[in-house]
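Note sheet for the following structure.
Now the structure itself:
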């Protein structure tokens, strides 16, 4: 039964339908191919980026580790340079041996050169994939799937991220060395930051420059430590020398301090008491040395020196003369009146005793003597009387 359509028109319709079927069939074929590709390529299935492109964007892992090791050592080296300059300043201020400072200066120059050399080494670049090496080309683009599964026009692949830039750090080697103000004393001989220099261990691949940096930093630490030790020794020696000079000046002042006073007329404020005999008074330098003598005596006998008389005022000299007669000097002439004489007991007052002999053997080490006029056989033997001659 005819539908009233002319043969030419029916032919056109059939052709149109056939073309549509062909297009649809082609689309289904493309979709199936895309699905197959996705199912067999784990990289594409997971990220939409082919394994070839991923390989292109990944730098050589060995080169990355080498660069990381170099960067770590450069950071420490920069700190070591600062420490080295500080060590040189400390050494000069404390008169450390010039040879030691010269060695440190040369080592510092070498380390600075190595740091600058390390900064000029370029970071590792991405390596080509095995597929690129076969055909000698590097794919620049790849298909990007659409929502309907059909491939669209290729888009530019992202550039590979930089793994490492030029080797610089926050702790750059300073153009001008940081110098520390050096104060007097052993504390000023301490080099700040020296104990903090720790070179990272070489636990992976590294280049020759990094290895040289490690050695150079270790040398800086060794030489700086030697300078610090010498500086501290010099500072301590200087402190002791200064203390000795100060003590000598003080003792000289003490000796002169009583020159303006008449015998027996010295005020208590100008004299010094003894720690082991609080009521006793002496010229201060004599008191200082009898304290040392007492320490040695106590170590030998387990007890302090027994003091029976020390500074004697003029009135005291008069009273002594009245009660003891010739045993006491004429008032105004006794060494007790100048604050440099002691009368001792506890066995020392007896010639031939162990205590007296110990004093004969050791008192002079501390500036105290038994005067010749008081020796046995003299006109006035006094085993108990001792005078300061320091």
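Numbering (the working numbering), first residue to last: -14 to 375.
From the three backbone atoms N, C-alpha and C, an ideal C-beta is built for every residue, glycine too.
If you're wondering where the values come from, they're calculated on a predicted model, not measured in any experiment.
When only Cα atoms are considered, residue 239 and residue 286 end up about 31 Å apart. C-alpha of residue 303 to C-alpha of residue 316: approximately 5 Å in a straight line.
In this structure residue 364 is exposed. Its beta-carbon is surrounded by fewer than 16 other beta-carbon atoms within 10 angstroms. Taking one beta carbon from each stretch, the segment 365 to 373 and the segment 328 to 335 have 3 or more pairs nearer than 8 Å; the two touch.
By the criterion of at least three beta-carbon pairs nearer than 8 Å, the segment 174 to 187 is in contact with the segment 208 to 228.
When the five nearest sequence neighbours on each side are left out, the beta carbons in the same chain lying within less than 7 Å of the beta carbon of residue 336 are those of 361 and 368, in order along the chain.
Membership of residue 326 in the beta strand (DSSP E) is indicated by the continuous run 326 to 329. Residue burial annotation: residue 188 is exposed, with fewer than 16 other C-beta atoms found within 10 angstroms of its C-beta. DSSP links residue 267 through a beta bridge to 257. Residue 201 and residue 50 have their C-alpha atoms some 21 Å from each other. Taking one beta carbon from each stretch, the segment 252 to 268 and the segment 218 to 233 have fewer than 3 pairs nearer than 8 Å; the two do not touch. In this model, residue 95 and residue 105 are separated by some 16 Å (Cα to Cα). Listed in chain order, the alpha helix (DSSP H) runs fully inside the segment 189 to 244 are 193 to 242, counting runs of at least 4 residues.
Fully contained in the segment 315 to 355 are the following beta strand (DSSP E) runs of length 3 or more, in chain order: 326 to 329. The C-beta distance from residue 205 to residue 92 rounds to 6 Å, short enough to fall under 8 Å.
DSSP places residue 358 in the helix class (H, G or I) of the three-state scheme. Pairing residue 209 with residue 89 gives a Cβ-Cβ distance under 8 Å. In the structure shown, the three-state DSSP call for residue 81 is coil. As the crow flies, the alpha-carbon of residue 246 is around 18 Å from that of residue 373.
The Cβ atoms of residue 297 and residue 270 lie no closer than 8 Å to each other. Residue 305 and residue 78 have their C-alpha atoms spaced approximately 60 Å apart.
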